[in-house]
Amino acid sequence: MSENNSEYILVDNAEKMQLVLASLASSSKIAIDTEFVRISTLHPIVALVQLNDGVNTFLVDPIILPPEQMELFWNHLTESETLLIFFAMHEDLDLIKFYSGRLPKRVVDLQWMAGFMGLSPKLGLASLVEKILGITILKDQTTSIWMQRPLTPDQLRYGAVDVKYLIQVYDLMQHKLEELGNDDYFQQDLQLQVETAVVPFDPRLGYLKYHADCLTAFETAKLRELVNFRQRIAEEKNICLKHVVPNHLLIKLCQKSVRNQITLQKIGLHWKSIREYGAELIKLLNHPPASYDYDGILDHPIPSPECKGELAQKLFDIFNSFADERGIDHGVMTSHKRLGELIVYLASTSSDRQFLDYPYLLRSKWRLDLIRDVLIQYFPFEPLLRIESETVE
0 MSENNSEYIL VDNAEKMQLV LASLASSSKI AIDTEFVRIS TLHPIVALVQ
50 LNDGVNTFLV DPIILPPEQM ELFWNHLTES ETLLIFFAMH EDLDLIKFYS
100 GRLPKRVVDL QWMAGFMGLS PKLGLASLVE KILGITILKD QTTSIWMQRP
150 LTPDQLRYGA VDVKYLIQVY DLMQHKLEEL GNDDYFQQDL QLQVETAVVP
200 FDPRLGYLKY HADCLTAFET AKLRELVNFR QRIAEEKNIC LKHVVPNHLL
250 IKLCQKSVRN QITLQKIGLH WKSIREYGAE LIKLLNHPPA SYDYDGILDH
300 PIPSPECKGE LAQKLFDIFN SFADERGIDH GVMTSHKRLG ELIVYLASTS
350 SDRQFLDYPY LLRSKWRLDL IRDVLIQYFP FEPLLRIESE TVE
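So that you can map any letter, position 114 of the sequence shown is 113 in numbering that gives the first Met the number 0, and since no number is skipped, the others follow by simple counting.
Right, dumping it as structure tokens:
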């Protein structure tokens, strides 16, 4: 069965915006999606917001609407008690947070929800709609130029179809989730997904993402200043981090003696970055403030236990066994990255641990309850695990 052309309301003036705001105020649930551009910017630039309340499909056009109308829309969207139904919500939440300064109050992500009823959390929207409703939808405008105006009929159809079936899919999936008894696990995960969707940059700790064992304390201090400088410039201009300094040059810049712009060029920095930021980078890397602050700098590499592989396998076995019992897809239980993050955190000294991101697997109470006994065998500080378990309830 194939989908038919969708009816929609193109919201491009204040009168039509009132219809959207009324729907946000009165609907119990609304499907939502966004089209945006994020090629050379740090944050996404919104091109279209699609909404479906079960009766009407609204295509909100932020390019045509005046700023005051969009501000009104973002305020109502984030203040509404309506459940917003997303598919793959992380980038959409980033966009909403960027434009409104807040996140919506109530959300659900169908892509992640699928994993708790035995489907792959990597399924695309078209595949999920076909599996749940038996309807084939066209996804032929994925790489479309969304900033152009006027939008083509095909683009408008594509935008409308993206939200047309989400409420129906949600209702059926929620019923199945409750049948399986997995709703509580999903709701705990959903809360974590929202908390980790838009993580603000921490000027004190941002460098840890790029830290390398080969750096001295002074080079690490320079790395922290460099990463903070890059983030500030990218935020101010809404440009990609790589357009200031690409990741692969961060360590090189901190290890080399950078005296002039010729050195920056030899290291590999693009001439545009040298022209715009070269003088500031040279000063930053050679003339730190008199009161140079080393607080928060890791003074030694983070150790990993020799038993890392053995422990990781035990944890995988526990998670996979639980997934099989509950009809949950293995992909939502954990990953090598999350297990590595957990082991590094537990194996670190208490002084270093305070500078690390709190591991996802410790923040997830139901997962921690599954693996607590195994963790204590390898890292026998039970009071820490008990306190952390109580903290995330």
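Idealized CB from N, CA, C, for every residue including glycine.
Distance, Cα to Cα, residue i vs residue j?
i	j	result
GLU309	LEU361	19 Å
ASP170	VAL106	14 Å
SER143	PRO43	15 Å
THR81	ASP153	29 Å
GLU279	ILE84	45 Å
ILE38	ASP91	15 Å
TYR377	THR333	19 Å
LEU367	TYR359	10 Å
ASN12	LEU20	13 Å
ILE370	GLU324	16 Å
VAL160	GLY133	15 Å
ASP52	LEU18	11 Å
SER256	LEU94	39 Å
GLU70	PHE35	17 Å
SER79	PRO66	20 Å
THR262	LEU338	40 Å
CB residue i to CB residue j, shorter than 8 Å?
i	j	result
ASN259	TYR209	no
LEU176	PHE115	yes
LYS251	ILE266	yes
TYR184	TRP365	yes
ILE63	ARG148	yes
GLN415	MET16	Because residue 415 is not part of the residues shown, which for the chain are 0 to 392, the question remains open.
Between residue i and residue j, which are expected to be in contact by the criterion C-beta below 8 Å, what is the C-beta distance as a whole number of angstroms?
i	j	result
TYR206	VAL243	Contact flag wrong, Cβ pair sits at about 15 Å.
LEU249	LEU225	6 Å
ALA30	VAL162	4 Å
ASN181	PRO202	Actually they are not in contact, since the Cβ atoms of ASN181 and PRO202 sit about 39 Å apart, beyond 8 Å.
VAL197	LEU102	7 Å
With a CB to CB cut of under 8 Å and the five nearest residues on each side skipped, what residues in its chain are close to residue i?
i	result
SER99	TRP73, ASN74, LEU76, THR77
SER119	ALA113, ASP328, GLY330
PHE97	HIS42, PRO43
ALA289	Residue placement at ALA289 is flagged as unreliable, the pLDDT there being 47, under the threshold of 50; the coordinate-derived value follows with that caveat. Within the same chain, ALA289 has no close Cβ partners at all.
GLU340	ASP356, PRO358, TYR359, LEU360
VAL10	MET16, LEU18, VAL19, PHE57, LEU58, VAL59, ASP60, LEU64
LEU222	TYR206, TYR209, HIS210, LEU214, LEU249, ILE250, CYS253
GLN230	PHE200, PRO202, GLY205, LEU240
What does a CB cutoff of less than 6 Å around residue i pick up in its chain, not counting 5 residues either side in sequence?
i	result
VAL48	THR33, VAL59
ILE232	VAL243
LEU345	PHE378
LYS313	VAL373
HIS89	ALA196
Cutting at 7 Å between CB atoms, please list the residues of its own chain near residue i, excluding the five before and the five after it.
i	result
GLN192	ASP108, TRP111
LYS121	GLY330
GLU218	CYS253, GLN254
ILE166	LYS28, ALA30, ASN51, GLY53, ILE84
GLU129	THR135
ILE238	SER39, THR40, LEU41
If we cut at 8 Å on Cβ distances, does residue i have a partner in chain B?
i	result
ASP183	Given the protein chain composition of this structure (a single chain), no chain B is represented.
The beta strand (DSSP E) that contains residue i, what's its start and end?
i	result
LYS28	28 to 36
PHE85	82 to 85
At which residues does the alpha helix (DSSP H) containing residue i begin and terminate?
i	result
ASP188	182 to 196
LEU341	335 to 346
VAL243	It is not in any alpha helix (DSSP H) - VAL243 carries neither H nor E in the DSSP assignment.
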